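Just so we're aligned, residue 1 is where the sequence shown starts under UniProt numbering, counting upward by one. Report on one structure; see the data block that follows.
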Amino acid sequence: VGPVHEILATQEGVSAHNAYGTYDEQQADTFRLWMRQTFTVSAPTSLTAVVSVGSVPALPYLRFIVLDNDNGNYSSYLFGQVTTCTMHPNTSGYTMLAYARPPVRLPPARWNLLVVADRPLENFVTAPATEARSLGGMYAPNKEAVLCRHLISATQAQQLSLHVETVQATDFIVRLIRPVPPPAEGEERAEGAPTEEVVAQWE
Numbered sequence: 001v002g003p004v005h006e007i008l009a010t011q012e013g014v015s016a017h018n019a020y021g022t023y024d025e026q027q028a029d030t031f032r033l034w035m036r037q038t039f040t041v042s043a044p045t046s047l048t049a050v051v052s053v054g055s056v057p058a059l060p061y062l063r064f065i066v067l068d069n070d071n072g073n074y075s076s077y078l079f080g081q082v083t084t085c086t087m088h089p090n091t092s093g094y095t096m097l098a099y100a101r102p103p104v105r106l107p108p109a110r111w112n113l114l115v116v117a118d119r120p121l122e123n124f125v126t127a128p129a130t131e132a133r134s135l136g137g138m139y140a141p142n143k144e145a146v147l148c149r150h151l152i153s154a155t156q157a158q159q160l161s162l163h164v165e166t167v168q169a170t171d172f173i174v175r176l177i178r179p180v181p182p183p184a185e186g187e188e189r190a191e192g193a194p195t196e197e198v199v200a201q202w203e
């Protein structure tokens, strides 16, 4: 990837961006985020991206996602597959994610991301994969049919990516909900007024 990146960077009208890192051994039937790359664009930008990995046994189990941070829409690709798309300016930018949930143990190795665009990408940042946290559990039948509920608190603005799956394939909805602020001092909450609101929803 290195030499290709250097050659492309010298071509007129082409902007090449390279990111790379390592990942530790991964046990079978575990989920792990390997890469999280964020960027923004200030004008419509055509780009081609490819992710390579230094472990052949890992290739069948890796997935690469390009995510719109504004609306949660994404496209999923196999590792090693050349991804070509056009990105349009938005508020929160885009995220490229690489992850795996293999049925077998995967040895440690390196990954490389090469992105070639017709204009420079802005704020091209590699976020540490160690920021990912995995939660699991068993479904307890209940009248609301809620699979799980987790509380998240933040002291500053955060960009959040969620991956949710069940052992048995089933349809479900994921909602990100925040509490409605209490009434100002001297005011009362109207009877029946909601105490929480849906910030985002995925199906």
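Virtual Cβ for every residue (Gly too), placed ideally from N, Cα, C. Computed from a predicted model, the values in this text were never measured in an experiment.
Measuring from the CB of residue i, is there a heavy atom of the ligand GDP at a distance below 7 Å?
i, result
"L151", "This structure lacks the ligand GDP, and indeed carries no ligand of any kind."
Helix, strand or coil: how does DSSP classify residue i here?
i, result
"L151", "coil"
"L33", "strand"
"L47", "strand"
"Q11", "Note that Q11 scores a pLDDT of 49, beneath 50, so its modelled location is shaky and nothing firm can be said."
"A58", "helix"
"R178", "strand"
"residue 209", "The structure shown does not extend to residue 209, since the chain is modelled only from 1 to 203, so the question has no answer here."
"V146", "coil"
"T83", "strand"
Under the assumption that residue i contacts residue j (Cβ atoms under 8 Å), give the Cβ distance between them as a whole number of angstroms.
i, j, result
"S92", "D70", "5 Å"
"A28", "P102", "6 Å"
"M87", "T45", "5 Å"
Determine the direct distance from the alpha carbon of residue j to that of residue i, and round the result to whole angstroms.
i, j, result
"F39", "A184", "39 Å"
"E196", "L113", "40 Å"
"V104", "S75", "25 Å"
"V199", "H150", "15 Å"
"A49", "T126", "15 Å"
"L67", "V56", "26 Å"
"A193", "L160", "28 Å"
"T10", "E25", "Because T10 sits at a pLDDT of 44, beneath the cut-off of 50, its placement in the model cannot be relied upon, and the following sentence gives the value as read from the coordinates. If I take the Cα positions, the gap works out to 36 Å."
"Q158", "Y94", "14 Å"
"P120", "L97", "20 Å"
Assuming residue i is part of the beta strand (DSSP E), what are its boundary residues?
i, result
"M138", "Looking at the DSSP string, M138 is not in any beta strand (DSSP E), and its letter there is neither H nor E."
"E196", "E196 to W202"
"L78", "Y74 to L78"
"R110", "A109 to A117"
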